[in-house]
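Just so you know, the sequences run in chain order A and B.
Read the first sequence against the numbering used here and you will find it ends at 434, with the numbers running on by one and no gaps.
Read the second sequence against the numbering used here and you will find it ends at 1106, with the numbers running on by one and no gaps.
I have placed the structure first, in the form of structure tokens, so that the comments after it can refer back to it.
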Amino acid sequence: MMRRAPSPTGSPPVMPRPSRRAVLAGLAAGAAALAAPSVGAQTPGRVVVIGGGFGGATCARALAAAGLNVTLVEPSGTYVACPFSNAVIAGLREMSAQTFTYDGLKGAGITLAARAATAVDADARRVRLDDGTELPYDRLVMAPGVDMNFEALPGYDASAAGLMPHAWKAGEQTLLLRRQLETMKDGGTVIISAPPNPFRCPPGPYERASLIAHYLKTHKPRSKLLILDAKDAFSKQRLFTAAWAELYPGLVEWVGLSGGGRVIEVDPVTRTLVTEFDRHTADVANIIPPQRAGAIARQAGVADATGWCPIDPVTFESRLRPGIHVIGDAAIAGAMPKSAFAANGQAKVCAAAVVELLAGREPAPPKLVNTCYSLLAPGNAISIAGVYQPKNGLLADVEGAGGLSPQNASSEVRATEAAYAEAWFATVTGEAFA
Amino acid sequence: MPRTLINVPKTAKAGEIVEVRAMIAHPMETGQRMGVNGAMIPRDIVNRFVCTYGSEVVFAADLWPAVSANPFLSFSLRAKEAGVITFSWTEDSGAVHVATADITVT
């Protein structure tokens, strides 16, 4: 088994430029310097960051630490973290442990604009806020996260989510799903509809299934959990499948695409899920719909026809709008999953690139790391890790790097990974919000 | 024995156009992939699909190696009379897999 440190590592932090980078940048800078007029080194650049999640908050901090003039645009006064929110759904954790404020960012010298961004003018390099304020920028970083794509699944829209929660953005939806499970009768049927790729948190639906199964086994043991999936393969599949057989025998059933698992329509009033070949009625239905980049990314013109944002893998600059960088779940990051850790690493790489570009230098190609932990039960976790680097214009897996938890590990190994997961959460939320 | 899935409305009005769906869980091995030790993996596909309504063939298709695994077919029929709709998939080996559904026409 690969040993992993409990804290995020491997992404270059923003700091006074290390000599190796200076050398690499110097080698590459010759050609770029001819084409790109450099910003005066004495002028602190104005950078606007849209979105105060793991990507945006971490990036704002790194940019401010590099001495840039940073404004973070985020309308919410608090941030509710998605990692570990599946434990809230299963009654194993309280929402307070998921909730963070932006007070720490204010202390870090970041100007907080507590408004929603309503429009981006990429040509004039200005962001408009919902109170009419216009923020000029030299570089814009967009970390808008995902929107549920309510046009992609007939019958499922914002009001339907009040009856069949998606709980794919932590907050009231998380608590709604928890309450529905708590009030369900013993012997009820819970159905999770899992979306096609790509979507936020690839192992998330299956961690959720594990923890809901734990709740049912503990509190409502005659109940069943059915996962209807639009895919035939998913993250950590063999590990999850083995865990369900071992921990929750007869309770969890998974139906993939080739088994007719793709949900094509829902009726929220009767809690009916229609697949290509069948109809299922649930007592509690968790619909995780297809997703796309947050609305402001689409408005700004940085999202393509897929609904996601193509980027340069070295700088995270948009392929569609110069001067705008896109990080986190909204970006098309090649082999990198849409995860909090990925957003955290991309934020640091992007900040370093913005610093270099504003100084008229060429950023060095990064290496990025991601680890995703998933709980199978309390004190029982698995993980997948990957290392990524730019290749042919995308972020690609570094062959032979990364790893997966062993298939038949002892409970001690699984418990250790659960402790790593807690430590990871403390570190990544600390970096963004402390 | 590959798993087959079909979806036919249980009832329809006479003359109504209904959508039917059929899928077979099948690897659709092209015969052009190399396996372990450099040996070619032999071709193994479903090469023929036929749908009959009563005694009449209403839809048929030849399938080729470019068709993906787990081929999914969806098409429309005009409901004429109550009867049996039969779906059959024929593999390269000659094996035939059949699924049937009844439709009531009012």
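Backbone N, C-alpha and C define an ideal beta-carbon position, used for all residues, glycine too.
What you are looking at is a predicted structure, and each value in this text was computed from that prediction instead of being measured.
* **Sequence ranges, beta strand (DSSP E) only - wholly within the segment 250 to 286 of chain A, length at least 3** => 252 to 255, 263 to 267, 272 to 275, 279 to 281
* Please list the partners that B:I1006 has in chain A, where partner means a Cβ-to-Cβ separation under 8 Å. => F277
* To do: Assess, as a yes-or-no matter, whether the segment 125 to 144 of chain A is touched by the segment 70 to 84 of chain A under the definition of 3 or more beta carbon pairs within less than 8 Å.
  => yes
* Asked: A:A230 and A:A194: beta carbons closer than 8 Å?
  -> yes
* **Assigned exposure category for A:K185 - 16 Cβ within 10 Å defines buried** => exposed
* **C-alpha gap between B:H1026 and B:V1046, whole angstroms** => 8 Å
* Do you know whose CA, among A:Y248, A:P221, A:F199, lies nearest A:F234's CA? -> A:F199
* **7 Å CB neighbourhood of A:L394 in its chain, flanking five on each side removed** => P313, G334
* Asked: To the nearest angstrom, how far is it from the Cα of B:A1095 to the Cα of A:T183?
  -> 50 Å
* Counting Cβ pairs closer than 8 Å, one from the segment 43 to 55 of chain A and one from the segment 161 to 172 of chain A, do we hit at least three? -> no
* Asked: Does B:R1021 come within less than 8 Å of chain A when only Cβ atoms are used?
  -> yes
* Within-8 Å CB hit, B:A1061 to chain A -> no
* To do: Using the Cα positions of A:V424 and B:L1005, report the straight-line distance between them to the nearest angstrom.
  => The sequence as given places Trp at residue 424 of chain A; Val does not occur at that position. One C-alpha to the other measures close to 44 Å.
* List, in order along the chain, the chain A residues whose C-beta lies closer than 8 Å to that of B:A1012? -> Chain A residues near B:A1012: none, gap ~17 Å exceeds 8 Å.
* **chain B contact residues for A:S193, given Cβ-Cβ distances below 7 Å** => Those within 7 Å of A:S193 in chain B number zero; the least Cβ separation is about 18 Å.
* Pick out the complete beta strand (DSSP E) segments inside the segment 338 to 419 of chain A, 3 residues or longer, and give them in chain order. => 368 to 377, 380 to 391, 394 to 397
* To do: Leaving aside the five residues before and after A:R20 along the sequence, list all residues of the same chain whose C-beta is less than 7 Å from its C-beta, in chain order.
  => Bear in mind that a pLDDT of 44 at A:R20, under 50, signals an unreliable position, so the number given afterwards is only what the model happens to contain. Excluding residues within five positions, none has a Cβ falling inside 7 Å.
* Would you mind telling me which residues of chain B sit closer than 8 Å to A:G260, beta carbon to beta carbon, in chain order? => L1005, M1023
* Asked: Do we get a CB-CB distance below 8 Å when we pair A:A29 with the residues of chain B?
  -> Here the model assigns A:A29 a pLDDT of 39, short of 50, so the residue's position is not dependable and the matter cannot be decided.
* Give the single residue among B:E1091, B:E1056, B:A1101 whose Cα lies nearest to the Cα of B:M1001. => B:E1091
* List, in order along the chain, the chain A residues whose C-beta lies closer than 8 Å to that of B:N1070? -> D232, L257, S258
* What are the boundary residues of the alpha helix (DSSP H) that includes A:F240? -> 237 to 247
* **Contacting residues, own chain, Cβ-Cβ under 7 Å from B:T1104 (five flanking each side not counted)** => K1010, T1011, A1082
* Asked: Can you name, in chain order, every residue of its own chain whose Cβ lies under 6 Å from the Cβ of B:A1014, other than the five neighbours on each side?
  -> V1105
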